[in-house]
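**Student:** Would you mind keeping the following structure in view while I ask a few things?
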Amino acid sequence: GKVIMYADRVTPAMQRAIDETNRRRKIQMEYNEKYGIKPKSIVKPIMEDIFAPFRDKEEEMYKLYEDSIFQLKESLSLEEYAALLEEEMYKAASELRYEDAAKIRDELFRIKEQLKGNS
Numbered sequence: 058g059k060v061i062m063y064a065d066r067v068t069p070a071m072q073r074a075i076d077e078t079n080r081r082r083k084i085q086m087e088y089n090e091k092y093g094i095k096p097k098s099i100v101k102p103i104m105e106d107i108f109a110p111f112r113d114k115e116e117e118m119y120k121l122y123e124d125s126i127f128q129l130k131e132s133l134s135l136e137e138y139a140a141l142l143e144e145e146m147y148k149a150a151s152e153l154r155y156e157d158a159a160k161i162r163d164e165l166f167r168i169k170e171q172l173k174g175n176s
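So that you can map any letter, position 30 of the sequence shown is 87 in our numbering, and since no number is skipped, the others follow by simple counting.
As structure tokens, this is what we get:
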């Protein structure tokens, strides 16, 4: 691999890291030469395919979860429902589920408009 270091000067810690890398590289090259090893890049399969079944289940789980949140509307006051939606929106965003957070945000906007109309 390659490392690109951005600095105005080489610090003692940087120099130690560079020296250690060079020392290890020299040992590896001597070993490779001694045993006739020609280094080559590795090829790995894309791991995403392994996780596809789990991703589908996760999306299904979030859909059920989202539906259950929206169904709570009947059992809560609009204020309570808005507070719950806001909490869930931030939770979804923190879990990097931005599409879910956006759906919840849209529902939250609708509820807040209803609250404005009722006051």
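Beta carbons are placed, not taken as given, at the ideal position from N, Cα and C, and that holds for glycine.
As a quick exercise: from 90, 128 and 136, pick the residue whose alpha carbon is nearest that of residue 174.
**Tutor:** Comparing Cα positions, the closest option is 136.
**Student:** Go ahead and pull the three-state DSSP assignment for residue 95.
**Tutor:** Coil, per DSSP.
**Student:** Could you tell me the distance, in whole angstroms, from the CA atom of residue 144 to the CA atom of residue 131?
**Tutor:** Straight-line Cα distance between these residues: approximately 18 Å.
**Student:** Specify, as a first and last residue, the run of the alpha helix (DSSP H) that residue 155 falls within.
**Tutor:** From DSSP, the alpha helix (DSSP H) with residue 155 extends over 155–175.
**Student:** Quick one: what's got a C-beta closer than 8 Å to residue 138's C-beta in the same chain, skipping five residues either side?
**Tutor:** Only 129, 130 and 168 meet the Cβ criterion.
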